[in-house]
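Numbering (the working numbering), first residue to last: 36 to 513. Just so it is clear, CB atoms sit at the ideal spot from N, CA and C, and this is done for glycine as well. As the structure is a prediction and not an experimental result, all values here were calculated from the model.
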Amino acid sequence: MHGRIPTPPPSLHWYGLSYNNFIGEIPSSICNLTSLMGFYLSENNLEGTIPECFRNLTSSLIQIHLQYNNFHGQIPEIFAEGCMLKGFRINNNELEGSLPQSLSNCKDLILLDVGNNNLNDTCPNWFGNLDQLQVLILRSNRFYGEVDSLDVTISLTHLRIIDLSHNNFSGYLPTLFFEHLHAIREGYGKKIKSMYMEDAIGAFILNYALGLSFTTKGLETKFRRLLSILTVINLSSNQLSGEIPKILGKLQLLIVLNLSHNCLIGPIPSSLGDLSELESLDLSSNKLEGRIPTELKNLGFLAVLNLSQNNLKGPIPQGKQFNTFANDSYMGNLDLCGLPLSKSCDTDEETPAKFDSDDDGDELNWKFSILMGYGCGLVLGMSMAYIVFTTGKPWWLIRIVERVRQRFGKRASLMAMFYDVFMIGALVKGVNLSSGGVIRARIEARRGADLWLKGEELLRLAAPGVSETLGPRLPKLF
């Protein structure tokens with residue numbers, strides 16, 4: 036659709052005209068929609084300023100999506116006390132000035148994305164009032180000041196996506212702030228996520244926040260859906276200094292960590308090897324020194340590693356995920372040696388073993404589990420079909436099917452996670468997913484798990500001992 040925005044009936048609750056070619060300004064008549072809950076005008080050709088009369092709507096509005104337009108001027112102080120807003124997305128416009136302090140009235144805010152504008156402000160202390168915030172994106176603006184001022188906002192325990200990249204932040208990394216990111220810590224994160232999934236509106240915002248973009252290894256990936264398990268810390272392209280704090284290793288649910296293009300010094304902390312879910316690690320273009328910790332070999336899901344343009348030295352760890360990384364992961368570190376570089380290590384340097392025999396055993400075990408899943412699912416499924424057609428509807432079989440149906444109900448969320456994992460692979464690998472062996476393996480693991488869950492339920496009923504023996508192996512796939 037194109038032309039100017041039509042005026043809807045005053046009783047409308049949800050107004051959605053995103054992904055069209057509408058032009059002109061937002062008419063002031065929109066402010067008469069006092070029952071409006073959702074306002075979506077993203078990805079049009081709209082211009083002008085944001086109407087100040089929106090202040091009349093923030094007691095009912097839950098979502099405002101105005102991203103990817105041509106709005107200019109400042110964000111007005113439109114957020115009154117009692118603000119009900121949960122999602123505010125106004126990224127990729129031409130807005131300037133500072134963030135409106137009245138945003139602190141929106142105490143239920145879950146998602147705030149003002150990226151890719153011309154905003155010029157410090158990181159405000161009133162962020163601490165937004166203690167329900169889960170997604171904070173300030174990227175590609177002109178924010179400035181010391182980022183360790185975030186240490187005063189330790190109430191933001193639910194944050195799981197933080198993107199402050201491409202600004203003018205300085206100072207040391209905020210250790211205390213990281214320590215209180217409970218949503219990214221094992222044990223805390225799952226509890227917080229399940230709590231918000233009970234909130235239907237919150238779940239909608241988190242799972243269907245359209246058009247979020249993330250950059251990894253120079254590639255920007257735009258998602259039509261916010262991944263329900265995605266956890267990101269992106270502080271790249273600022274003026275941060277000091278050492279990488281060891282406390283980052285406590286964020287076991289972190290998937291993407293990007294600290295590139297700063298002035299960080301010192302060694303890479305070995306504690307990063309505890310980030311068991313990490314898929315993308317970018318520490319490039321800093322002043323890091325010392326050896327690459329062998330503990331990074333523990334990162335079994337790591338698909339992207341960029342340590343280039345630092346002052347690292349010594350042998351590159353070998354085996355596991357390190358066998359999948361090319362030269363460009365290490366370029367600019369003149370004192371590094373070992374594969375995949377052409378420079379050999381001296382004999383007196385301790386080169387980590389290329390292969391770990393335990394890896395081969397684990398790989399065989401999980402492949403065996405998948406094959407068992409295929410076999411059990413196929414054989415037992417065909418057996419059940421035969422029984423149904425030959426004996427009618429035996430009650431014992433109906434009870435089994437009902438239990439399987441209950442299992443599938445739980446599995447719906449698991450399959451959503453599998454989809455998310457695939458999309459995270461797209462994030463960390465860019466457009467070359469087909470060439471990523473790790474990503475291919477996880478997709479195959481997902482397919483195997485699909486049949487495994489069907490077969491495991493039936494196998495558990497027929498032979499509990501076998502199922503209990505094989506079952507514990509499955510979680511190691513994910």
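Hey, quick one: how far does the beta strand (DSSP E) through residue i stretch, first residue to last?
i       : result
Leu-340 : 339-341
Asn-203 : 203-207
Asn-104 : Counting along the chain, Asn-104 falls outside any beta strand (DSSP E), and DSSP gives it neither H nor E.
Tyr-179 : 179-181
Phe-559 : No statement about residue 559 is possible, as the shown extent of the chain runs from 36 to 513 and does not include it.
Leu-334 : From DSSP, Leu-334 is part of no beta strand (DSSP E); its letter is neither H nor E.
Gly-83  : 80-83
What are the partner residues of residue i, as DSSP defines its beta bridges?
i       : result
Ile-197 : Leu-171, Ile-268
Lys-322 : Ile-300
Trp-49  : Gly-73
Ser-350 : Before going further, note that residue 350 is Pro rather than Ser in the sequence given. In DSSP, Pro-350 forms a bridge with Cys-372.
Asp-363 : Answer by DSSP bridge pairing: none, since Asp-363 is not bridged.
His-100 : Tyr-75, Arg-124
Ser-64  : Paired residues: none, contrary to the question.
Gln-274 : Ser-205
Asp-143 : None; Asp-143 has no bridge partner.
Ser-315 : Val-291, Val-339
Arg-39  : Ile-58
Asn-153 : Glu-131
Along the alpha helix (DSSP H) that carries residue i, what are the first and last residues, could you check?
i       : result
Leu-211 : 210-214
Output needed for residue i: all residues of its chain with C-beta closer than 8 Å, excluding positions within five of it in sequence on either side, in chain order.
i       : result
Leu-522 : The structure shown does not extend to residue 522, since the chain spans only 36 to 513, so no value can be given for it.
Ser-63  : Pro-86, Cys-88
Phe-360 : Leu-340, Pro-375
With a threshold of 7 Å (Cβ to nearest heavy atom), would residue i be considered close to the ligand ADP?
i      : result
Tyr-54 : As presented, the structure is devoid of all ligands, the ligand ADP included, so that no description of it is given.
Which residues in the same chain as residue i place their Cβ atom closer than 7 Å to its Cβ, once the five residues preceding and following it in sequence are excluded?
i       : result
Phe-89  : Cys-66, Ile-113
Leu-331 : Leu-307, Gly-308, Pro-352
Pro-43  : Tyr-50, Leu-68
Which whole-angstrom value is the C-beta distance of residue i and residue j, which I expect to be below 8 Å?
i       : j       : result
Leu-323 : Ile-303 : 6 Å
Cys-141 : Leu-165 : 7 Å
Leu-185 : Pro-209 : 4 Å
Leu-340 : Asn-368 : The pair is not a contact, with the Cβ atoms about 13 Å apart (cut-off 8 Å).
Leu-313 : Leu-275 : Actually they are not in contact, since the Cβ atoms of Leu-313 and Leu-275 sit about 20 Å apart, beyond 8 Å.
Met-119 : Ile-145 : Not confirmed; about 12 Å, so no contact.
To which residues of the same chain is residue i closer than 6 Å at the C-beta, ignoring the five residues directly before and after it?
i       : result
Ile-197 : Leu-171, Ile-268
Arg-124 : His-100, Gln-102, Asp-148
His-201 : Arg-174, Ser-175, Ser-272
Tyr-54  : Glu-78
Asn-128 : Asn-104, Phe-106, Asn-152
Closest to residue i by CA distance: which of the options is it?
i       : options                            : result
Ser-175 : Ser-271, Lys-332, Leu-68           : Ser-271
Gly-132 : Leu-369, Ser-94, Asp-156           : Asp-156
Ile-99  : Phe-74, Ile-85, Glu-78             : Phe-74
Glu-181 : His-201, Cys-158, Lys-348          : Cys-158
Leu-299 : Leu-318, His-193, Ala-361, Ser-377 : Leu-318
Asp-183 : Glu-314, Met-366, Gly-206          : Gly-206
Ser-77  : Ile-282, Leu-52, Asp-143           : Leu-52
Pro-135 : Met-119, Gln-109, Leu-120          : Gln-109
Asn-321 : Tyr-54, Asn-345, Glu-87            : Asn-345
Leu-286 : Ser-311, Pro-45, Ser-295           : Ser-311
Phe-178 : Asn-153, Gln-167, Ser-276, His-193 : Asn-153
Leu-334 : Asp-381, Ser-343, Ser-315          : Ser-315
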